[in-house]
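Each remark here refers to the structure printed beneath this line.
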Amino acid sequence: MDASSMSANALPALTLTSSKTSEIKALLLQAWRERWDCVQWGTNIKKLLPRGVSGDVYDLGLCILQQSLIGPTPNQLFIDYLNHCITSQIVSYGAVLSAISKYQEMQKTQCILCLLNLVISFKTRIGCYGNEEECISLCKSIIALVSWLYSCLSQAITKSAENKLSAFNQSQNQFVNYGHHHHNHHQSINTPSTTATNSVLPLTAVTNEHFVIIEKVCELLNHLSNSAFLKAIFYVGKIEDPTTYSQLLTKLSELETKIAPGTNLNSQYSKETIETILGFVNSVEWNNCSPTKVASSQLQSFNYSNLNFRYDSIFRSLNAVIAFDAVLNPVCDIDVCAEQIDLISKFNDIPFSDLCCEIIRACFVGLVDAGGSGEDLKWAAFTFLKAPQLLVKLFQMKSDKKSNLTSDLESGLEKLLTYTPLLDLTDTKSNCDCLELFLKELCKTELLTEAKKNRIMTIRQKEASSKVPVSKTDQSQGQGASLILRAEPTVTSILKTLDSDYSKNQDALLGVLCHMVPGKSFELILNAAAATGKLRSFTTKLIKFNEFNKQVTGEGGKASQTRALLFDITFLMLCHIAQNYGTEIVTTNEETKDSFFATWCAQCLTEGGRYRCPDVILTICEANRVDNLLNQFTSTDSEFKTSLVKWHEFCVNAPAAIKEVLIAWEHEAISTDNVKLILDNVKSKMCCLPVVISAWLCSYINILHHDERLKPMNMLQQFMTPLSTGDASANNGSEASTNQDYYKERSTLMAAIIKKMLYDLHPPQQTKSKGIISVISHGLTSKTPLLKIMESNFTAAHDRSWLDLKSVHNMDTLLCVGGSTWFVDSLIRQLLKFEHENDLNRAVDLIFGLFHLDIEQCSLSLLLFVLKSYLLNNHRQEQLCEPKVSALARLTVMTIFSALNEVESIKMGKQRSGRKKHHYYEEIPSDFDPFESDFKTSVNNNGNGPRPPKVAKTDAQYGLSTLLDDTPFSFQQSQHYFQLNEPLTKSVVELLRLLTVIITDSVVSPRTMFPLVFLEQLVMCAKEDSHKILRFLPFHMIISLIKTFPETLTYEFLLAISNLETFKARKITARALCQLKRAKKNGSKVIF
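In the numbering used here, each number is its position in the sequence shown, counted from 1, plus 2.
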C-alpha cells in the first residue's frame, strides 16, 4: 500500500485543517509500513496526542477506519490498532460507532462483516468515560448505528434475493445449453457441469456472506434491545437526534414492506429473525412505554405483591374525600371532588370499574352510618343526586382513554352486588331499595341503559331473595332517599317561580317562600339544591328578591306589609344558607356582591369563630334613624309602620339602638322587665331585626371581659325565647294579620339562626353518648387533651378502615382548634407508631384522606414544619427506617400532588368556592423563606461537630435564581407559565434542595434513605405527572444518588427522574447513565 492508495472513498474525507491530524495520518502510515504491534502503536499515538486530550478531538477513530476500509477487504492491522485505541480509552465508543455508521459502501461485504464483528467484540463494554459532550455523542451514535444496521439489513436482504434469483436463472440456462449440445456429449461431456459449478459458486458465496451479515445484525439488535443501559442511551438519543431517528423508522417501514408475510423474502428467514428485525424499535422502547411507566412497574412489583392492598387503599381514601364533600362541603363544585378522586385512582392504579364500585360503596356506607342522625339528608343528597353527576364527570375526564367506560361501569355495578350485607343494610336503614333508586338516577344521566339496569336488578333480587322484608312499622324513619329525590324537582319548580316578575304576584311568592320553611322542607330543598349545583342560583335569586323588596315603591296597606314580609323571610333564608353553607356562597357572587345582604354578610355576620369589630359595624349608623328606631322599639303603640320604610336602613341602625338599651340597662337606667318588653317588641315585628342585632351582640360580647358578658348574653337568650301567642297578638294588632299568619315560620327560623350564633360564641357541653366532641368545628369544650382525642379517634378509624360520621366531625374540630401544623404533626406521630407494613399502608391512606379537610394548608404544614422536624432532628430521624420511611414518603408525595392540583385548578379559573374556610386560615406571604435557618446549622451538624455548610446563602433572602440553580426548570423557556411565588411551589423547591443536601452529606444516617425513597414513591404514585416536581430536582442530586446507591438504581428509574426537555438536561442525563454503568461495574470505586 502506498500513499496514493490511502485516499478514502468509503468514509467522508477528513478536513485536514490541523497539523496534528496530518501527524496522525503520517504515524498511521509508518505503523503500517513497519508492521507495529498494538503496544507499539499505542505508545507512539499517546506520545503524539497532547496530554489529557482524547483522540476524538482529531477524529482518530474515523481516520483509522478510513485507512482500513480502502480496499475490497479490510486491513486487519488497522482494525487491531482501532480496537487497541478503544480498549485503552484513546478514542471513545461514541466516536467509533459514529464513524462506523458513516460507512456507506454496502457492496463491500467483507468490510461490512469486519465492522459488525468489531462492534460485536466490544458490545458489552459500550460506555463513556468522558464529559457530558462525549456522553451525549454516544447517545446520538447509538441511534446512528441502529440506522446503519438497518441499512445493512436492507442491502443484505435485497442482494441475497437478487443473487439467489441470478443463481437459479444461471443454473436453468446451463441446463438448456446442455440439451442443445447433446450430440457432442463425447467431446464436451464435462463442459456444462464445470461451467455451471464455476458460475454458481461465487454467487452462493456472496449470498452466504449476506446471510452472515443479517445474522450478525440481528445479534447486535438483540443485544441492544436486551441491554437496559443501551436502551436508556437509545431513548436519550432519539430525543436528541430526531432526524436520524425518523430516518431509522423510515428504513424499518421499508423493510416491513419487503419481508411482510406472504412475500417471497418472508419465507427465506426464520420467524425469530423476522421478529428481531421488525420488533426491535418496539422492544428497545419498552413496548411503547415511557421509562417512567417502566420504572413505576418495576418498583410496584418489588414493593406490592398483594393487589388487594390497592383496592382497600382506594376505599379508605375515597371514604374520607366523599364524606367531607357530603357532610362538610355540600356546596363544593363537583369538579373539585372528581379531580381528587381521579388523583386517588391514579395513585393506586385502580381500573375504572373498581373505581365506580368503590365510589358507590363509599356512598352506601355513609348512608348506613348517617341513618337516624341529622346528616342523613346530606348523605342521601350526595348519593342519589351528586354521585351520578360525579360519575358523569369522571367519564368525561377519562374519555380520551381507549376503553369502554360504559362496560366498566356495568362491571363495577356487578362487583358492588358482591357486597350483599351492605346493600341489605342500606335498604333496611333507608326503607327503600337504594340500589334501584341509584340505578334509576344513572339511567337519567344516560350512563346506563334501562336494559342493563333491569339485568343488574334481576341479579340483585336473586341474591336478596332470602332477605326479610322491612315491616311498615319500621318505616317511620329513614325516608331520606325518597324525600330527597322528591325534593329535586321541587327545587327546579321554585327556581322557575323566583324567575317571575318581582313586582307581580308578591302574595303568591310570599306563600311559596313561607311554606318552604316549616319542618324539614327547607333543609330538603337546600340539600337537593346543593347536591345538584343549584344552590348558588337559588341564593342569587333570593338576594335579588331581597334587594327588590328593600326599596320604597310608594305602596301602602297590605302591599307594604307583603313587601316587609318578603324582605324578612328572604333575609332569614339567606342567613340560614350563609351559616350552613359558608358566607362565600353569598359574598363571592359577582352578580350580587354589591347587594345589601352580601355587604352585611361580609361586614357583620360572624363565621367560624371569626368576629367583626363591633365599633366598625356601628360606624355607618345614622343618629336620627337610631333615635326613630328607639322610639318604635320602646313605644307601647301596637301599630308598626311598614309603608315607605327602607328595611335595609332598619337593619343597619337596629344594633346601635339596642346598644343604647344595653348601656342604659348596664347603668340601671331601665329595668330588666322593660328591657324584656323592648326585645319582645323588636322580635314581634320583623324577625330579621333580632338577627342583625344578635350578630352585633356576638361581636360585642367577644371583646368583653367574662364578668361583663351576662346582660348581652341574656339579650341573646331573650331573642331565642318563643313569643307567646297573646303577646304576639297584642303587639301586631289587626293590621298585621298577614304577618301573624307566617310569624311562626319566621320566628322558628330566626331562633335557629340566633342559636347557631350563640353556639359559635359559647359552645355547649357535649354528652359522651353522642360521641361528637363539639357541635361546632371551631369550638371545643372537652377537658381531654387534644392529643388523646386525636389518638382515640384515629385508632378507632384505623381499626375500622373508614371514617364514620362522628370521626368526620371530630377530625374537623381538631383541625380547626389545633391548627394545620398540630393536626399534621399529630397524624404523622400516629402513623409512625405502627411497625407492620399493612398497618402503615392503612394509616397512610386514612391520613391522606384526612388531609383533604384542607389539603393545601396540610401540605404546607407537612413540608415546612413536620417533615423538616424528622429530617433535621437527630432524635426524630431514628424513626425513618423501613417500612416507615416509605410510608412517610408515599404520604408526602400524594399530599403534594393533591395540593398542587388544587392550586393549579384555581389558577385555571375553575370554581372552587363552596368550601368553608377554617378560622385558622391565613395567607402566607409570597416572600417567605422556609428552611432558612436549618440549612446553615441543622443539616450540617449530625452530632459530630460543625462542618462547612453545603449551601451558601448569597442574599438576605433566596431569590428565584438561587432556588432554581442546577435544576431543569432553570433551562426551560416557558418559565412564565409557572409562578414560584406560590407558597406551595416554593416549599416543594426547598424540600428538594434539602434532600440534595441530605444525600450529599458525608455522614450516613437514617435520613439518608429518604431522598431515594421519596423519588421512588414519586415515580410510583405520580408516574407521568412526576415532571411537575422533578423539574425542580437539582441535577447534582442525581449524581449523588449514583454515588450512594449504585446497585439500587436502575437505568429506567434514572430516566424517570431525569428531565429531557432541554439540551443541557439531556447531556447531564446521558453522563449520569454512563456513570451509573461504571458504578454498577466497579461498585462505589468510581471517580465522578
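For every residue, glycine included, the Cβ atom is placed at its ideal position computed from N, Cα and C.
In the DSSP output, what is residue i paired with across the bridge?
i           : result
residue 612 : 609
Using 10 angstroms around the beta-carbon of residue i, count the other beta-carbons present and answer buried if the total reaches 16, otherwise exposed.
i            : result
residue 377  : buried
residue 494  : exposed
residue 780  : buried
residue 765  : buried
residue 488  : exposed
residue 262  : exposed
residue 240  : buried
residue 873  : buried
residue 382  : buried
residue 1083 : exposed
residue 692  : buried
residue 1071 : buried
residue 88   : buried
residue 876  : exposed
residue 978  : Low confidence applies to residue 978: its pLDDT is 46, below 50, so where it sits in the model is not reliable enough to give any reading.
residue 73   : exposed
residue 924  : Only weak support exists for where residue 924 lies, its pLDDT of 43 falling under 50; the coordinates are left without a value.
Out of the options, state which residue places its alpha-carbon closest to the alpha-carbon of residue i.
i            : options                : result
residue 457  : 441, 447 and 446       : 441
residue 1054 : 132, 60 and 294        : 294
residue 1027 : 562, 244 and 344       : 344
residue 423  : 678, 413 and 437       : 437
residue 397  : 341, 452, 381 and 430  : 341
residue 156  : 1003, 109, 826 and 119 : 109
residue 147  : 164, 696, 526 and 250  : 250
residue 510  : 999, 496, 320 and 123  : 496
residue 892  : 817, 1021 and 860      : 1021
residue 610  : 111, 782 and 898       : 782
residue 862  : 748, 900 and 615       : 900
residue 840  : 788, 864, 886 and 870  : 886
residue 1114 : 579, 545 and 68        : It is not possible to answer for residue 1114, since the shown part of the chain is limited to 3 through 1090.
residue 254  : 284, 242 and 226       : 284
residue 569  : 1014, 559, 553 and 444 : 553
residue 320  : 584, 291, 834 and 360  : 360
Quick check: does the Cβ of residue i come within less than 7 Å of any heavy atom belonging to the ligand GDP?
i           : result
residue 609 : As far as ligands go, the structure on display features none, and thus does not contain the ligand GDP.
For a cutoff of 8 Å on Cβ pairs, would you count residue i as touching chain B?
i           : result
residue 297 : The structure shown contains no chain B; it holds only a single protein chain.
Exercise. With contact counted as at least three CB pairs below 8 Å, one residue from each stretch, are the segment 508 to 519 and the segment 569 to 581 in contact?
Worked result: Inter-segment contact for the segment 508 to 519 and the segment 569 to 581 is present: three or more beta-carbon pairs are separated by less than 8 Å.
For this session: Check whether the segment 1050 to 1066 touches the segment 983 to 999, taking contact to mean three or more Cβ pairs, one atom from each stretch, closer than 8 Å.
Result: These segments do not touch.
Exercise. At what residue ranges does the segment 646 to 698 contain a whole run of the alpha helix (DSSP H), taking only runs of 4 or more?
Worked result: 649 to 668 and 674 to 685, all fully within the segment 646 to 698.
For this session: State whether the segment 1031 to 1048 contacts the segment 212 to 223, with contact taken as three or more CB pairs (one from each stretch) at a distance under 8 Å.
Result: Judged by Cβ distances under 8 Å, the segment 1031 to 1048 makes no contact with the segment 212 to 223, as fewer than three pairs qualify.
Exercise. With contact counted as at least three CB pairs below 8 Å, one residue from each stretch, are the segment 966 to 974 and the segment 878 to 895 in contact?
Worked result: Short answer: they don't touch.
For this session: Entirely within the segment 212 to 262 and at least 4 residues each: give me those alpha helix (DSSP H) ranges in chain order.
Result: As far as the segment 212 to 262 is concerned, its whole alpha helix (DSSP H) runs of at least 4 residues are 230 to 242 and 244 to 260.
Exercise. Is the segment 1011 to 1029 in contact with the segment 1064 to 1073, if contact means three or more CB pairs nearer than 8 Å?
Worked result: They do not touch, by the three-pair rule.
Exercise. Just checking, does the segment 709 to 728 make contact with the segment 747 to 757 on the three C-beta pairs under 8 Å criterion?
Worked result: Contact between the segment 709 to 728 and the segment 747 to 757 is present: 3 or more CB-CB pairs across the two stretches fall below 8 Å.
Exercise. Would the segment 357 to 371 and the segment 410 to 429 be scored as touching if the rule is three or more Cβ pairs under 8 Å?
Worked result: Proximity of the segment 357 to 371 to the segment 410 to 429 meets the contact definition, three or more beta-carbon pairs being nearer than 8 Å.
For this session: Evaluate contact between the segment 599 to 607 and the segment 678 to 685, counting only Cβ atoms and requiring at least three cross-stretch pairs below 8 Å.
Result: No, the segment 599 to 607 is not in contact with the segment 678 to 685.
Exercise. Any contact of the segment 695 to 705 with the segment 644 to 651, i.e. 3+ C-beta pairs under 8 Å?
Worked result: Short answer: they don't touch.
Exercise. Would you call the segment 853 to 860 and the segment 798 to 809 touching, i.e. three or more CB-CB distances under 8 Å?
Worked result: The segment 853 to 860 makes no contact with the segment 798 to 809; the number of CB pairs closer than 8 Å stays below 3.
Problem set entry | Those runs of the alpha helix (DSSP H) which lie wholly inside the segment 976 to 1047 and span at least 4 residues | Entirely contained in the segment 976 to 1047, the alpha helix (DSSP H) runs reaching 4 residues are, in chain order, 985 to 1001, 1011 to 1024, 1029 to 1032 and 1037 to 1046.
Problem set entry | Contiguous alpha helix (DSSP H) assignments of at least 4 residues, all confined to the segment 842 to 910 | Counting only unbroken stretches of 4 or more residues, the alpha helix (DSSP H) elements lying wholly within the segment 842 to 910 are 857 to 863, 869 to 874 and 886 to 909, in sequence order.
For this session: Count the CB pairs spanning the segment 793 to 804 and the segment 832 to 851 that are closer than 8 Å, and state whether there are at least three.
Result: A contact between stretches requires three or more CB pairs, one per stretch, nearer than 8 Å, and the segment 793 to 804 meets this requirement with the segment 832 to 851.
Exercise. Pairing CB atoms from the segment 349 to 361 with CB atoms from the segment 327 to 340, are three or more of them under 8 Å?
Worked result: No, because fewer than three Cβ pairs between the segment 349 to 361 and the segment 327 to 340 fall closer than 8 Å, the two stretches do not touch.
Problem set entry | At least 3 beta-carbon pairs within less than 8 Å: the segment 86 to 106 vs the segment 53 to 68 | Flag = yes, the segment 86 to 106 and the segment 53 to 68 touch.
Exercise. Where in the segment 303 to 374 do unbroken runs of the alpha helix (DSSP H), each at least 4 residues long, occur, reported from the N-terminal end onward?
Worked result: Runs of the alpha helix (DSSP H) inside the segment 303 to 374: 310 to 325, 336 to 350 and 354 to 372.
Problem set entry | Continuous alpha helix (DSSP H) assignments of at least 4 residues falling wholly in the segment 11 to 72 | Counting whole runs of 4 or more residues, the segment 11 to 72 contains the alpha helix (DSSP H) stretches 21 to 36, 40 to 50 and 62 to 70.
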